[in-house]
Structure formats: structure tokens, C-alpha cells
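Q: First the structure, then my questions, so here it is.
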Amino acid sequence: MIVEVEVEVVVVVEVVVVVVVVVVVVVVVVVVVVVVVVVVVVVIVAVILVVVEVMIVVVVEVVVVVVVAVLEVVVVVVVIVVVVVVVVVVVVVVVVVIVVVVVVVVEVVVVVVVVIVVSSSISSK
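Numbered by the working numbering, the letters in the sequence shown go through residues 139 to 263 in order.
Below is the structure:
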């Protein structure tokens, strides 16, 4: 009876660990996809800005220069935000790896304890 309960506890712990790892991996993948989309949008905006600068040379030059300067500042800010997001994603991945390692170590300890308890229970009978 004790052995069955301990084995069920180990199985439940393993299922919870697997679910947590899968959820964390999905979250990391979603964050990476969002970062990639933001980078693509920033590149597209930068290309559009270059094309706009080349095409509009004479037409209301002062207004265009001001608008392009503001848009370039926005692009720089977006690039900085993207870099910060990438750093955060890397930190999250490192934390996830550390958590997974800790969970695996805890699982191994639980299995060893269960084996010791079961073997001592069997040897005492």
C-alpha cells in the first residue's frame, strides 16, 4: 500500500514537471516569435524611411526632414526595446534551464528515497 502511494506521488510529480516545462517552453517560443516579428517590422519601417528620404528630396524639405528625424528616433527606440526584450528572453531561458535542472535533481532524489523506503520496507518483511 505504501509503495503504491509513493509510486503514484512520483508519477504525479513527474507529470507536473513535464507540464511546467512544456508551458515554459511554449511561453519562450511565443516571446521569441514576437521578438522576430518586431525586428521584421523595424526593418520594414527602416527601409520605408530610406525610400521616403530618397524619393522626397524637394517637396517641403523642412517638414520631411523633421518627420523623418522623428521616425528615425522612433526606429532607434524600437530597436533598443527589441534588444531589451531579447536580453529578457535570454534571461528567461537561463532561468528555465536552471529550474529544469533543479526539478530533475529533485525528481532523482525523490526516486532514490522511494527506492530506499521500498527496499527497507521489503527487507523488514
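Where is the CB? At the ideal position from N, CA and C, for every residue including glycine.
Bear in mind the structure is a predicted one, so any value in this text is a computation, not a measurement.
Cβ of Glu245 within 8 Å of Cβ of Val151?
A: yes
Q: By alpha-carbon positions, which one of Val228, Val242, Val164 ends up nearest to Val155?
A: Val242
Q: Please determine if the stretch 229–240 and the stretch 182–189 are in contact, where contact requires at least 3 C-beta pairs separated by less than 8 Å.
A: no
Q: In chain order, which beta strand (DSSP E) runs of at least 3 residues are fully inside the stretch 177–250?
A: none
Q: Residues in the same chain with beta-carbon distance under 8 Å from Val170, minus the five sequence neighbours each way, listed in chain order, please.
A: Excluding sequence neighbours, Val170 sits near Val227.
Q: How many Å lie between Val167 and Val219 at the Cα?
A: One C-alpha to the other measures close to 18 Å.
Q: Can you list, in chain order, the residues of its chain with a C-beta nearer than 7 Å to that of Glu191? Leave out the 5 residues immediately preceding and following it.
A: Val206
Q: Relative to the C-alpha of Val172, which candidate in Val221, Val153, Ser262 has its C-alpha closest?
A: With respect to the C-alpha of Val172, the residue from Val221, Val153, Ser262 having the closest C-alpha is Val221.
Q: Just how far apart, CA to CA, sit Ser257 and Val251?
A: 10 Å
Q: For Val177, collect the residues of the same chain with a Cβ closer than 8 Å to its Cβ; drop the 5 residues on either side in sequence, then sort them by chain order.
A: In chain order, Val220 place their CB closer than 8 Å to the CB of Val177, counting only its own chain and leaving out the 5 sequence neighbours on each side.
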